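Note that UniProt numbering has the sequence shown beginning at 1, numbered continuously upward.
Have a look at the structure below, then the notes.
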Amino acid sequence: MLNDATTNLADPPRFVLQENGPKHFDPDIAGEHSQIHPDLDTLSVAAPREAVYDAALALAKEEGWQVIARDPAAGQFEAVATTRILRFKDDVVVRVRGDETSAEVDMRSKSRVGKGDFGANAKRIGAFLSKLDGKFP
């Protein structure tokens, strides 16, 4: 069971802005992660990096996440997502790379509690990236 999901196993976004956030993605779980979440992948958007970053940040706020750190120059922000029923807190990092014509969005979501999340982090990532992609038809 996993409690950490990402779109990019080769270069997962790191929690660097939060003082007490999780740090490194455990490379030992990459194989299991690929089997359990084969559909999680980097989102490519045909829009300027800055516009995609701004849209991602706005969407995180719409989702009710508490944005706790941001670095627009690096295209990264970190947030805390709280589950609706049990009020568990999960750490989220969104990283947007690109240029004036295109952007790539990677994301990571990690539960603070437990060894397994029953797919909650992967579902959060999938839903978020789908909504973000819909903002750039």
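Every residue gets a Cβ at the ideal spot worked out from N, C-alpha and C, and that includes glycine.
Only a predicted model underlies this, so the values are computations on that prediction, with no experimental measurement involved.
query, result
"Those runs of the alpha helix (DSSP H) which lie wholly inside the region 27 to 94 and span at least 4 residues", "30 to 36 and 49 to 62"
"Three-state class that DSSP yields for residue 14 in the structure shown", "coil"
"Limits of the unbroken beta strand (DSSP E) element including residue 106", "103 to 111"
"Inter-residue Cα distance where the pair is residue 57 and residue 95", "10 Å"
"Straight-line gap, residue 42 to residue 104 (C-alpha atoms, nearest Å)", "6 Å"
"Bounding residues of the alpha helix (DSSP H) (the contiguous stretch that carries residue 99)", "Looking at the DSSP string, residue 99 is not in any alpha helix (DSSP H), and its letter there is neither H nor E."
"Bridge partners - residue 4, DSSP secondary structure assignment", "110"
"Cβ shell of residue 72 (< 7 Å), same chain only, five flanking positions each side left out", "53"
"Residue 123: first and last residue of the uninterrupted alpha helix (DSSP H) it sits in", "120 to 134"
"Whole-number beta carbon distance between residue 112 and residue 91, since they are thought to touch under 8 Å", "7 Å"
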